[in-house]
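Undergrad:
Encoded structure:
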């Protein structure tokens with residue numbers, strides 16, 4: 017997805033208020049932006065906290081800064097600066113957190129983003145966007161450029177690629193219809209879910225979620241209707257349970273008098289073995305790999 021995001025952002029380089037800051041990374045990806053932006057592209061070095069404060073100053077002066085780094089180097093290392101310098105002043109700063117969930121694989125827990133959605137969506141004025149497909153940047157970049165408040169982009173990977181043509185980005189999208197339950201997935205992992213169930217005759221209805229925090233008024237009436245009528249609701253995310261889509265979504269439903277007949281939640285469970293491995297290795301430990309999801313749902317239906 018990173019290349020598609022960069023290509024989308026290139027169309028804004030003529031805007032004199034658009035600027036990009038990175039924390040001494042993004043090599044073989046951000047160079048086109050660096051070339052087009054000139055002195056509006058700032059390599060802030062390995063000094064993420066300072067980078068956030070600089071971006072706040074730029075936003076306060078009328079610029080539209082975008083920040084790029086590996087996810088935990090933003091939401092974890094510079095949390096205080098995001099909270100105090102950006103969010104409490106409701107400044108238009110767009111954060112790009114590269115590597116959703118276990119995306120950085122063998123780099124280990126220090127590079128994984130298992131708590132980012134809960135952390136960022138808990139902040140005042142912050143909106144979290146989670147694209148599922150490469151084509152989402154056709155509209156998502158524009159949404160973030162014009163939101164006029166803090167925004168965090170959870171940048172993962174397109175896990176189904178060009179074999180599936182999704183509807184345009186929206187907070188909630190129905191991707192395929194089915195009569196055997198309802199799956200709601202967060203971000204790129206929905207591609208793996210689709211890849212599994214598009215090959216089966218009996219499959220659930222599959223929806224994606226692309227925005228947090230969950231707001232009841234943003235949940236489509238069609239999705240609410242399916243929650244009432246389908247035999248189960250199954251939420252899948254590569255994020256820990258606390259603060260993630262599952263917790264936010266089910267709380268929002270219950271507060272508004274909506275309850276699924278049965279609810280199942282598959283999420284990141286951390287590091288049960290204490291071993292290092294690929295994204296697929298960690299997902300398998302959390303029963304988030306394709307085979308585990310398929311077998312679990314098949315046993316239910």
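In our numbering, the protein residues as written are 17 to 317. Each residue gets a CB set at the ideal place from its N, CA and C atoms; glycine is no exception.
Compare the C-alpha of residue 75 against each of 94, 114, 35 and name the closest.
TA: Counting from 1 along the chain shown, the entry for residue 75 is found at position 59. Nearest option by C-alpha distance: 35.
Undergrad: In three-state terms, what does DSSP make of residue 125?
TA: One-based indexing of the chain shown puts residue 125 at position 109. Residue state, collapsed to three classes: helix.
Undergrad: Could you give the residue range of the alpha helix (DSSP H) that holds residue 5?
TA: Shown here, the chain extends from 17 to 317; a query on residue 5 therefore has no answer.
Undergrad: Which residue from 47, 197, 69, 183 puts its Cα closest to that of residue 149?
TA: The count along the chain shown starts at 1 and reaches residue 149 at position 133. Of the candidates 47, 197, 69, 183, the one whose C-alpha sits nearest the C-alpha of residue 149 is 183.
Undergrad: Go ahead and pull the three-state DSSP assignment for residue 72.
TA: Taking the first residue of the chain shown as position 1, residue 72 is located at position 56. Note: residue 72 maps to helix in three-state DSSP.
Undergrad: Which runs of the alpha helix (DSSP H) at least 4 residues long sit entirely within the segment 165 to 233? Give them in chain order.
TA: 205 to 213
Undergrad: In angstroms, rounded to a whole number, what distance separates the CA positions of residue 181 and residue 191?
TA: On the chain shown, position 165 is the one that residue 181 refers to. On the chain shown, position 175 is the one that residue 191 refers to. Distance between the alpha carbons of residue 181 and residue 191: 9 Å.
Undergrad: Which residue from 284, 248, 23 puts its Cα closest to that of residue 274?
TA: Position 258 of the chain shown, counting from 1, holds the residue named residue 274. Nearest option by C-alpha distance: 248.
Undergrad: Quick check: what's the CA-CA separation for residue 262 versus residue 78?
TA: Translated into positions along the chain shown, residue 262 becomes position 246. Translated into positions along the chain shown, residue 78 becomes position 62. C-alpha separation (whole angstroms): 37 Å.
Undergrad: Can you name the residues that DSSP bridges to residue 282?
TA: Looking up residue 282 in the chain shown gives position 266. In DSSP, residue 282 forms a bridge with 252.
Undergrad: Hey, quick one: how far does the beta strand (DSSP E) through residue 111 stretch, first residue to last?
TA: Residue numbering aside, residue 111 sits at position 95 when the chain shown is read from its first letter. Annotation: the continuous beta strand (DSSP E) that includes residue 111 extends over 110 to 114.
Undergrad: On a CA-only basis, which of 269, 189, 307 is nearest residue 243? Give me that one, please.
TA: Within the chain shown, residue 243 is the residue found at index 227, counting from 1. Closest option to residue 243, Cα to Cα, is 269.
Undergrad: Quick one, are the C-beta atoms of residue 167 and residue 110 less than 9 Å apart?
TA: As a working note, residue 167 is residue 151 in the chain shown. As a working note, residue 110 is residue 94 in the chain shown. Cβ distance < 9 Å, so residue 167 and residue 110 count as in contact.
Undergrad: Is there contact here, the segment 133 to 147 with the segment 61 to 75, by at least three beta-carbon pairs under 8 Å?
TA: no
Undergrad: Starting from the N-terminal side, write out each stretch of the beta strand (DSSP E) that is 3 residues or longer and does not extend beyond the segment 37 to 71.
TA: 57 to 59
Undergrad: Using the DSSP secondary-structure output, state which residues sit across from residue 143 in a beta bridge.
TA: For the purposes of this step, residue 143 is taken as residue 127 along the chain shown, with counting starting at 1. Paired residue(s): 167.
Undergrad: Select from 311, 21, 89, 207 the residue whose C-alpha is nearest the C-alpha of residue 224.
TA: Indexing the chain shown from 1 puts residue 224 at position 208. Of the listed residues, the one whose Cα sits closest to residue 224 is 207.
Undergrad: Helix, strand or coil for residue 117? Go by DSSP, reduced to three states.
TA: Stepping through the chain shown from its first residue, residue 117 is reached at position 101. Of the three classes helix, strand and coil, the one that applies to residue 117 here is strand, per DSSP.
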